[in-house]
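*Asks:*
Number of protein chains: 2
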Amino acid sequence: MAVLAYKLPQPWLDAIMAAGSHLDIRTEVDGKAARDIKSIVFAWTPPTEFEAYPNLRLLQAVGAGVDRVVMKGSIPPHLLIARVVDDSQAECMSEYVLLHVLRHHHRLDHLQREFAHRRWEFGVRTPARECTVGILGLGRLGTDVARKLAIMGFRVRGWSRTPKVIAGVECFAGRAMLDAFLSACRHLVCLLPLTPQTTGILDKRLFAALPKGSYLINVGRGEHLIEADLIPALEAGILSGVTLDVMREEPVPASHPFWNDPRILITPHTASVMYPRDAAPQIIDNLDRVEKGLVPENLIDLTIGY
Amino acid sequence: MAVLAYKLPQPWLDAIMAAGSHLDIRTEVDGKAARDIKSIVFAWTPPTEFEAYPNLRLLQAVGAGVDRVVMKGSIPPHLLIARVVDDSQAECMSEYVLLHVLRHHHRLDHLQREFAHRRWEFGVRTPARECTVGILGLGRLGTDVARKLAIMGFRVRGWSRTPKVIAGVECFAGRAMLDAFLSACRHLVCLLPLTPQTTGILDKRLFAALPKGSYLINVGRGEHLIEADLIPALEAGILSGVTLDVMREEPVPASHPFWNDPRILITPHTASVMYPRDAAPQIIDNLDRVEKGLVPENLIDLTIGY
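If you read the protein sequences in the order shown, they are chains A and B.
Last residue of the first sequence: number 306 in my numbering, and the count goes up by one each step with no gaps.
Last residue of the second sequence: number 306 in my numbering, and the count goes up by one each step with no gaps.
1. Can you give me the Cβ contacts of Ala-90 of chain B inside the same chain, cut-off strictly under 6 Å, excluding the 5 residues immediately before and after it?
2. Mapping the DSSP letters down to three states, classify Tyr-96 of chain B as helix, strand or coil.
3. Under 8 Å by Cβ, that's how I've got Cys-185 of chain B and Val-219 of chain B pegged, so tell me the actual separation to the nearest angstrom.
4. Tell me which same chain residues have a C-beta within less than 7 Å of the C-beta of Tyr-275 of chain A, skipping the five on either side of it?
5. Could you round the C-beta distance between Pro-296 of chain A and Val-290 of chain A to whole angstroms and report it? I think they count as a contact, below 8 Å.
6. Taking Cβ positions only, does Gly-153 of chain A come closer than 9 Å to chain E?
7. Are the C-beta of Tyr-96 of chain A and some C-beta of chain B separated by less than 9 Å?
8. Among the residues of its own chain, which have a CB less than 7 Å from the CB of Gly-213 of chain B, if the five just before and after it don't count?
9. On the CB-based measure, 16 or more other CB atoms within 10 Å of its CB, does Ala-176 of chain A come out buried or exposed?
10. Can you name the residues of chain B whose CB is closer than 9 Å to the CB of Tyr-275 of chain A?
11. The alpha helix (DSSP H) with Gln-197 of chain B in it runs from where to where?
12. For Asp-86 of chain A, count neighbouring C-beta atoms within 10 Å of its own C-beta (all shown protein chains included) and say buried if the count is 16 or more, exposed if not.
13. How should His-110 of chain B be labelled, buried or exposed, when 16 other C-beta atoms within 10 angstroms of its C-beta is the threshold for buried?
14. May I have the straight-line CA-CA distance separating Gly-200 of chain A from Gly-137 of chain A, to the nearest angstrom?
15. With a CB to CB cut of under 6 Å and the five nearest residues on each side skipped, what residues in its chain are close to Glu-170 of chain A?
16. Roughly how many whole angstroms lie between the Cα atoms of Pro-253 of chain A and Ala-64 of chain A?
17. Does the beta-carbon of Ile-283 of chain B have 16 or more other beta-carbons within 10 angstroms, so that it is buried, or is it exposed?
18. Between the Cα of Thr-303 of chain A and those of A:His-117, A:Tyr-6, A:Asp-67, A:Ala-146, spot the shortest distance and give me the residue it belongs to.
19. From Ala-11 of chain A to Met-247 of chain A, what does the alpha carbon distance come to, in whole angstroms?
20. Taking the Cβ atom as the reference point for each residue, do Arg-155 of chain A and Cys-131 of chain A lie within a distance shorter than 9 Å?
21. Quick one: using the 10 Å Cβ neighbour count with 16 as the cut-off for buried, is Asp-245 of chain A buried or exposed?
22. Please confirm if Thr-92 of chain B has its CB atom under 9 Å from at least one CB of chain A.
23. Checking 9 Å against the spacing of the C-beta atoms, do Asp-203 of chain B and Ile-226 of chain B come in under that value?
24. Step through the CB atoms of chain A and report whether any lies within less than 9 Å of the CB of Ile-217 of chain B.
25. Please name the residue in A:Phe-115, A:Leu-178, A:His-106 whose C-alpha comes closest to that of Trp-159 of chain A.
26. Please classify Val-169 of chain A: does DSSP put it in a helix, a strand, or coil?
27. Straight-line CA distance for Ala-116 of chain B to Arg-263 of chain A?
28. If the criterion is Cβ atoms closer than 9 Å, does the pair Leu-149 of chain A and Val-165 of chain A meet it?
29. Just verifying my parser: in three-state terms, what is the DSSP assignment at Val-101 of chain A?
30. For Glu-114 of chain A, which residues in the same chain have their Cβ closer than 6 Å to its Cβ, ignoring the five residues on either side in sequence?
31. Roughly how many angstroms separate the alpha carbons of Ile-217 of chain B and Val-242 of chain B, rounded to a whole number?
32. For the beta strand (DSSP E) that contains Ala-61 of chain A, what are its first and last residues?
33. Ignore the nearest five residues each way along the sequence and tell me which others in Gly-153 of chain B's own chain have a CB closer than 6 Å to its CB.
34. One question on the structure: do Leu-59 of chain B and Ser-74 of chain B come within less than 9 Å of each other, judged by their Cβ atoms?
35. Does DSSP classify His-110 of chain A as helix, strand or coil?
36. Go ahead and pull the three-state DSSP assignment for Thr-270 of chain A.
Structural data, given as structure tokens:
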């Protein structure tokens with residue numbers, strides 16, 4: 001049987017070809033050859049016509065987030081969907097979140113403005129151990145971020161759909177505990193998967209449950225944020241500063257009002273970098289499993305969407 | 001016997017009075033009363049006339065760096081000098097160093113300039129595990145910084161006067177190994193004590209031993225840096241960016257050329273914050289020890305200067 005590498009960016013195709021040289025990997029198939037395909041490896045969006053692949057068993061993403069597939073809801077139920085779970089991606093994400101939590105905590109934007117005016121101002125900084133950071137989403141990435149923030153001395157709490165236990169992290173679960181979770185979060189980091197339940201969760205109702213003057217970092221998906229609620233929360237002093245690595249429309253159009261606001265920093269979806277050479281062995285292992293009739297790893301549960 | 005709280009800033013005086021209510025703490029003495037003084041607690045600079053205090057035994061600093069005392073070289077040899085060794089200060093320092101190493105590593109200044117132009121540019125980031133951070137100075141602060149950088153995934157190496165062993169940190173010692181240490185440092189952090197041997201260590205000769213395009217963070221003392229060598233190293237591309245929390249003259253005069261350079265960020269000596277309420281018990285414990293004829297802790301060795 002064969003593998004279809006579907007519209008992969010070249011670095012991914014190169015890495016997968018190199019790691020899977022024992023496999024019959026094709027970059028296109030037509031007509032009867034589609035019957036040979038047992039697995040499809042895709043980057044952002046898989047093919048939408050599955051009738052052509054009667055023997056297809058696995059849709060293997062090369063990334064960690066599969067919402068663009070799952071949210072469409074048109075996946076035939078006999079197909080398995082797998083993603084990559086990659087420690088180096090968690091390392092990258094933790095770097096990004098630590099950088100921006102510390103940037104907010106040290107009021108670096110303020111210091112840099114003072115610097116531009118050649119002013120020398122001693123500020124008072126709250127010790128990290130008196131400052132609470134809340135993580136929305138305690139998957140692989142959220143757990144790594146929480147653990148590292150705790151090592152840096154911050155008080156760390158996390159919120160997830162189902163109850164979790166993580167050493168050194170105060171864990172909350174379910175909608176009923178969301179407001180209790182939010183009530184102490186000086187910094188809030190969104191690392192949720194995008195599902196119908198989490199779409200638009202970062203809205204004015206949620207902001208109002210935070211301590212006044214909190215900081216927000218969104219590294220989940222652009223669709224988690226109700227964009228129209230953000231500037232009013234900054235204007236009202238409910239939020240002090242915001243860092244967004246994800247937006248509903250990327251690249252962000254030049255006319256977007258967020259560009260104008262000095263309290264908002266947008267980064268171009270670079271928080272988490274996955275290196276093809278790191279992820280390829282895991283992808284090839286899943287392709288091998290399907291060939292051997294074994295169950296692939298890191299499968300998506302379509303009933304919960306991640 | 002009595003304690004002289006010598007020109008302490010009010011928050012320090014308040015904390016020491018509160019923690020040492022069982023002691024005879026005075027804020028000034030004159031004439032014969034100076035004979036009662038067995039310990040002097042000072043902030044930046046102790047008194048220079050010691051003849052007035054015939055029973056003086058301990059000079060207790062309220063900070064971690066005592067170079068302003070030791071470098072003067074006029075301390076009578078029978079006096080003990082003690083500093084504060086404070087875990088919360090190490091936490092603060094590590095926060096600062098992690099923030100600025102990550103800021104340099106993510107080329108955040110570049111991203112922010114792109115942001116100001118509303119440009120959306122995907123950058124390539126080296127994984128932390130392929131990036132070496134070197135720490136000059138492996139005392140309490142340097143060791144905490146090194147350990148936390150290693151947890152974040154960076155390759156970490158350290159250099160110190162005498163050999164050290166720290167798990168997860170490649171340790172170098174002595175002048176003979178300095179160039180070997182520097183040769184891989186993408187980021188260099190100066191956390192050395194200021195002594196005659198380390199004054200001016202950050203000079204063009206040292207910069208030339210770094211990989212081209214490295215980043216420098218000075219959180220030691222302003223006197224570690226030969227200021228005239230810095231802009232030429234940036235111009236030559238030997239350094240890519242510099243963060244300075246300490247300067248020879250503080251506050252930095254408005255006419256200083258570093259203010260003009262977008263590759264240099266100056267922060268107002270705020271990397272390490274010591275909170276009086278955290279340090280006061282340790283200071284009082286030393287004052288009690290002197291009263292009881294015991295040896296105080298965290299003494300300075302005048303022969304090495306820290």
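Glycine included, C-beta positions come from ideal geometry on N, C-alpha and C.
These figures come from a predicted structure and were not determined experimentally.
*Replies:* Concretely, from the data shown:
1. Beyond the five residues adjoining it in sequence on each side, Ala-90 of chain B comes within less than 6 Å, by CB distance, of Arg-140, Leu-141, Asp-144 in the same chain, given in chain order.
2. Correct three-state label for Tyr-96 of chain B: helix.
3. Rounded, the Cβ-Cβ distance is 15 Å, inconsistent with contact.
4. So the qualifying residues of the chain are Ser-88.
5. With a Cβ gap of about 6 Å, Pro-296 of chain A and Val-290 of chain A count as contacting.
6. Going by chain labels, chain E is absent from the structure shown, which instead holds the protein chains A and B.
7. Taking Cβ atoms only, chain B reaches closer than 9 Å to Tyr-96 of chain A, which makes this a yes.
8. So the list reads Gly-237, Ser-240, once near-sequence residues are dropped.
9. Here Ala-176 of chain A is exposed. Its C-beta has fewer than 16 other C-beta atoms within 10 Å.
10. Within chain B, the residues whose beta carbon sits less than 9 Å from that of Tyr-275 of chain A are Pro-127, listed in sequence order.
11. Per DSSP, Gln-197 of chain B belongs to no alpha helix (DSSP H) and is neither H nor E.
12. Looking at its Cβ environment, which holds 16 or more other Cβ atoms inside 10 Å, Asp-86 of chain A is buried.
13. By the 10 Å Cβ count, His-110 of chain B comes out exposed.
14. Inter-residue distance for Gly-200 of chain A and Gly-137 of chain A is about 14 Å (C-alpha atoms, whole angstroms).
15. Taken in chain order, the residues that qualify are Arg-157.
16. The straight-line gap from Cα to Cα measures roughly 25 Å.
17. With 16 or more other Cβ atoms within 10 Å, it is buried.
18. Closest in C-alpha terms to Thr-303 of chain A, from the list A:His-117, A:Tyr-6, A:Asp-67, A:Ala-146, comes A:Asp-67.
19. The identity of residue 11 of chain A in the sequence shown is Pro, whereas the question assumes Ala. Taking the straight line from one Cα to the other gives about 24 Å.
20. Taking 9 Å as the Cβ cut-off, Arg-155 of chain A and Cys-131 of chain A qualify as a contacting pair.
21. Classification for Asp-245 of chain A: buried.
22. Strictly speaking, residue 92 of chain B in this sequence is Cys, with Thr absent from that position. For Cys-92 of chain B, the answer is yes, since a Cβ of chain A falls inside 9 Å of its Cβ.
23. Taking 9 Å as the Cβ cut-off, Asp-203 of chain B and Ile-226 of chain B qualify as a contacting pair.
24. With respect to chain A, the C-beta atom of Ile-217 of chain B has no partner C-beta closer than 9 Å.
25. The closest CA to that of Trp-159 of chain A, considering only A:Phe-115, A:Leu-178, A:His-106, is found on A:Leu-178.
26. Secondary structure of Val-169 of chain A (DSSP, three-state): strand.
27. Those two C-alpha atoms are separated by around 12 Å.
28. Going by C-beta atoms, Leu-149 of chain A is not nearer than 9 Å to Val-165 of chain A.
29. Reduced to three states, the DSSP call for Val-101 of chain A is helix.
30. Cβ within range, chain order: Glu-121.
31. So the alpha carbons of these two residues sit roughly 6 Å apart.
32. Start and end: 58–61.
33. Taken in chain order, the residues that qualify are Ala-128, Arg-129.
34. The answer is no: Cβ separation not under 9 Å.
35. Reduced to three states, the DSSP call for His-110 of chain A is helix.
36. Three-state DSSP puts Thr-270 of chain A in coil, outside helix and strand.
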